[in-house]
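J.: In the working numbering, the protein residues as written are 3 to 430.
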Amino acid sequence: MHKHRLLDLSQYKPIEEFSALAPSLRPAQGLVSLCPRVKDSADDRLRIPHSAMDWATVGVRDTQSDCGKESSPGDHLQAPAAAHHCVLCVKGYQAKETGPESAVITKVKGVSISRVHRGLKRIWDVAEYVKPPEGGSIFTIITRTESTKLQTMGTCAESRTVPEAQCINDEDCVKGGVHILGNGEQTGRCIQAGRGSLKTCEIIGWCPLEDETVTSESLQEFVPSFTILIKNVIHFPQFGFSKGNIEGQDFLRNCTYHPISSPSCPIFTVGFIVSEAGVNFTEIAYKGGIIGVIINWNCNLDLHPSNCHPQYSFRRLDLQSKVSSGYNYRYAKYYKKNGTESRTLIKVYGIRIDVIVHGEAGKFSLIPTIINLATALTSIGVGSVLCDWILLTFMNKNNMYSMRKYDEVKRCTEKHVYYMGNNRQTNC
Numbered sequence: 003m004h005k006h007r008l009l010d011l012s013q014y015k016p017i018e019e020f021s022a023l024a025p026s027l028r029p030a031q032g033l034v035s036l037c038p039r040v041k042d043s044a045d046d047r048l049r050i051p052h053s054a055m056d057w058a059t060v061g062v063r064d065t066q067s068d069c070g071k072e073s074s075p076g077d078h079l080q081a082p083a084a085a086h087h088c089v090l091c092v093k094g095y096q097a098k099e100t101g102p103e104s105a106v107i108t109k110v111k112g113v114s115i116s117r118v119h120r121g122l123k124r125i126w127d128v129a130e131y132v133k134p135p136e137g138g139s140i141f142t143i144i145t146r147t148e149s150t151k152l153q154t155m156g157t158c159a160e161s162r163t164v165p166e167a168q169c170i171n172d173e174d175c176v177k178g179g180v181h182i183l184g185n186g187e188q189t190g191r192c193i194q195a196g197r198g199s200l201k202t203c204e205i206i207g208w209c210p211l212e213d214e215t216v217t218s219e220s221l222q223e224f225v226p227s228f229t230i231l232i233k234n235v236i237h238f239p240q241f242g243f244s245k246g247n248i249e250g251q252d253f254l255r256n257c258t259y260h261p262i263s264s265p266s267c268p269i270f271t272v273g274f275i276v277s278e279a280g281v282n283f284t285e286i287a288y289k290g291g292i293i294g295v296i297i298n299w300n301c302n303l304d305l306h307p308s309n310c311h312p313q314y315s316f317r318r319l320d321l322q323s324k325v326s327s328g329y330n331y332r333y334a335k336y337y338k339k340n341g342t343e344s345r346t347l348i349k350v351y352g353i354r355i356d357v358i359v360h361g362e363a364g365k366f367s368l369i370p371t372i373i374n375l376a377t378a379l380t381s382i383g384v385g386s387v388l389c390d391w392i393l394l395t396f397m398n399k400n401n402m403y404s405m406r407k408y409d410e411v412k413r414c415t416e417k418h419v420y421y422m423g424n425n426r427q428t429n430c
């Protein structure tokens, strides 16, 4: 005996099957599966929208202020949403220029005091603690020094920190020999190296050596309050646009940079820069380090130039490793004492500031607008839909194409399901 079961027609959804008449004109599968169906009341058929009027009435949504909103995948497959995102949200209608021409001038202000031996003090001004003094985009603020004074050209034992210079007798020392890590030219003699029994080869060089008589001075107590004025001018040659980061002389007299209360002020304190870079000031002042001040210009030239402002960010650039950490260099001051040429060798630890400028400018241009709009519409299959619309509307054989493209699914009042053997049969 056959069993019959009635099914609710609301659960029955026909599946469109497209013919292979024109594969290149077939709508994108993702678009077909997600776009809404439109009911044709004239012949009671379920059809995929294929005309301009269909697309105008199906899936219409408000696209204003949607750039920052999350949306479903189906939204992005609709033509208005895709065009809105590709052309408006990412400014696809603009010609872009990156890597602007840039000039940077810096100026540091502040006075520091260091304590030397026996309670003596030394005053440091800008001319002494800023190297180089030209005020370019890369400069160093000295935070600590190690000085070896009264060095003269003569003979002395090589440093004990040079393994190749250690010796037992004169035969171990080569006259005229020079080691890369050494401090001078060997005389061929093996002599006592300071206190203890260790001997090293005698050299001709600046004596006494740096390791023996070092005087250390620290400037870090006052460095955090130093101010740095950064003047930056950028130029985008493609658009003939130039802009600087200084609004006016009167504004500079009473401002200090703050990301919220004073974001356009180009005067920064050293302590603020170090803090924003996430660095411990005591540690970087003792060992030295490199901090980058990154200036980013993002200018929409379709708006007034006053809307183009720089954005500042800060980060540490040098790697902190056990092998080679910090930042230091050496220089010497030469003078004559009693007619003998002498010098003071100074090893400097400091905070090196690198000002790095990035930028991008955009302005409306017809060519990128057409390219990006066409790309957006093509990627979601609108090109195929447009071709279908032309074939179904203007071609002589549009009826034949319509018959081959769509399958009619007639509605029935009830649907019977019965079984013949192991086969499931349906009848409408």
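The beta-carbon is built from N, C-alpha and C at its ideal position, and this holds for glycine as well.
Which same chain residues end up closer than 7 angstroms to P370 when comparing Cβ atoms and leaving out the 5 residues on each side of it in sequence?
T.: Closer than 7 angstroms at the Cβ level, and outside the excluded window around P370, lie G94, Y95, Q96 and A97.
J.: Ignoring anything shorter than 3 residues, give me the beta strand (DSSP E) runs that lie fully in the stretch 196-261, in order along the chain.
T.: Within the stretch 196-261, the complete beta strand (DSSP E) runs of at least 3 residues are 201-209, 217-220, 229-238 and 243-246.
J.: Mark Y333 as exposed unless 16 or more other C-beta atoms lie within 10 angstroms of its C-beta, in which case mark it buried.
T.: Classification for Y333: exposed.
J.: Taking 7 angstroms as the limit between beta carbons, can you name the residues of its chain near F366, skipping five residues before and five after?
T.: Closer than 7 angstroms at the Cβ level, and outside the excluded window around F366, lie Y95, Q96 and D304.
J.: Under the three-state reduction of DSSP, which class applies to L393: helix, strand or coil?
T.: Helix.
J.: Going by CA-CA distance only, name the one from Y259, N234 and H260 that's closest to I248.
T.: Here the closest residue by C-alpha is N234.
J.: Can you tell me whether DSSP reads G32 as helix, strand or coil?
T.: With a pLDDT of only 36 at G32, under 50, the local geometry of the prediction cannot be trusted, and the value read off the model is given with reservation. Three-state DSSP puts G32 in a helix.
J.: Where do the ends of the beta strand (DSSP E) carrying R406 lie?
T.: Where R406 is concerned, there is no enclosing beta strand (DSSP E), although the alpha helix (DSSP H) it sits in stretches over N400 to K407.
J.: Apply the 10 Å Cβ neighbour rule to A22 and answer buried if 16 or more other Cβ atoms are within range, or exposed otherwise.
T.: Because A22 sits at a pLDDT of 38, beneath the cut-off of 50, its placement in the model cannot be relied upon, and the following sentence gives the value as read from the coordinates. Answer is exposed; the Cβ neighbour count stays below 16.
J.: Using alpha carbons as the reference points, say which of R345, E285, P239 and Y331 lies closest to R318.
T.: Among R345, E285, P239 and Y331, the Cα nearest to that of R318 belongs to E285.
J.: Output the boundary residues of the beta strand (DSSP E) element that contains I182.
T.: Looking at the DSSP string, I182 is not in any beta strand (DSSP E), and its letter there is neither H nor E.
J.: So, are the CB atoms of T142 and R345 less than 7 angstroms apart?
T.: No. Outside cutoff.
J.: To which residues of the same chain is S26 closer than 6 angstroms at the C-beta, ignoring the five residues directly before and after it?
T.: Below a pLDDT of 50, predicted positions are generally treated as unreliable, and S26, at 38, falls in that range; no measurement from the model is reported.
J.: Is the Cβ-Cβ distance between A378 and C301 less than 7 angstroms?
T.: No. Outside cutoff.
J.: Taking 7 angstroms as the cut-off, decide whether the C-beta atoms of G273 and Y351 are in contact.
T.: No, Cβ-Cβ distance for G273 and Y351 is not below 7 angstroms.
J.: Quick check on the burial criterion: 16 or more other C-beta atoms within 10 angstroms. Buried or exposed for I170?
T.: Per the 10 Å Cβ criterion, exposed.
J.: If distances are taken between C-alpha atoms only, which option among K109, C389 and V281 comes closest to A129?
T.: The candidate whose alpha carbon is nearest that of A129 is K109.
J.: Can you pull the DSSP bridge partners for L347?
T.: Looking at the DSSP assignment, L347 forms a beta bridge with T150 and A334.
J.: Does DSSP put C169 in a helix, in a strand, or in coil?
T.: DSSP places C169 in coil when its eight states are reduced to three.
J.: When the cut-off is 7 angstroms and only beta carbons count, does Q153 lie next to chain D?
T.: In the structure shown, chain D does not exist; there is a single protein chain.
J.: Do three or more CB pairs link the stretch 268-283 to the stretch 325-344 at distances below 8 angstroms?
T.: Result no; under three Cβ-Cβ pairs closer than 8 angstroms.
J.: Rank S315, C310 and S218 by C-alpha distance to the C-alpha of K151 and give the top, closest one.
T.: Cα-wise, what sits closest to K151 is S218.
J.: By the 10 Å Cβ neighbour count, where 16 or more other Cβ atoms means buried, how is P307 classified, buried or exposed?
T.: Looking at its Cβ environment, which holds fewer than 16 other Cβ atoms inside 10 Å, P307 is exposed.
J.: Consult DSSP for V384 and reduce its assignment to one of helix, strand or coil.
T.: Three-state DSSP puts V384 in a helix.
J.: Considering E2, what are the terminal residues of the beta strand (DSSP E) in which it resides?
T.: In the structure as shown, the chain starts at 3 and stops at 430, and residue 2 therefore has no counterpart that could be examined.
J.: Which of helix, strand or coil does DSSP assign to H360?
T.: In the structure shown, H360 sits in a strand (DSSP, three-state: E or B).
J.: Across the stretch 202-222 and the stretch 178-189, are there enough close Cβ pairs to call them in contact, namely three or more that are closer than 8 angstroms?
T.: Touching, per the Cβ criterion.
J.: Do I115 and I107 count as a contact pair if the criterion is CB distance below 7 angstroms?
T.: Taking 7 angstroms as the Cβ cut-off, I107 and I115 do not qualify as a contacting pair.
J.: Among T380, W299 and F253, which residue has its Cα nearest to the Cα of S244?
T.: It is W299.
J.: When the Cα atoms are used, what is the spatial distance from R120 to A105?
T.: When rounded, the distance between both Cα atoms is 46 angstroms.
J.: Can you tell me where the beta strand (DSSP E) with Y288 in it begins and where it stops?
T.: Taken as a continuous stretch (DSSP letters only), Y288 belongs to no beta strand (DSSP E), being part of the alpha helix (DSSP H) at F283 to K289.
J.: Have a look at H311 and Q322 and give me their C-alpha separation to the nearest angstrom.
T.: Computed Cα separation, rounded: 33 angstroms.
J.: Are the beta-carbon atoms of E2 and T157 separated by less than 7 angstroms?
T.: Past the edges of the chain, shown from 3 to 430, lies residue 2, and the structure says nothing about it.
J.: Kindly indicate which three-state DSSP category C91 falls into: helix, strand or coil?
T.: Helix.
J.: Using 7 angstroms as the threshold, is the C-beta distance between I232 and V132 below it?
T.: Not a contact, by the Cβ cut-off of 7 angstroms.
J.: Can you tell me the Cα-Cα spacing of I297 and A279, whole angstroms?
T.: When rounded, the distance between both Cα atoms is 14 angstroms.
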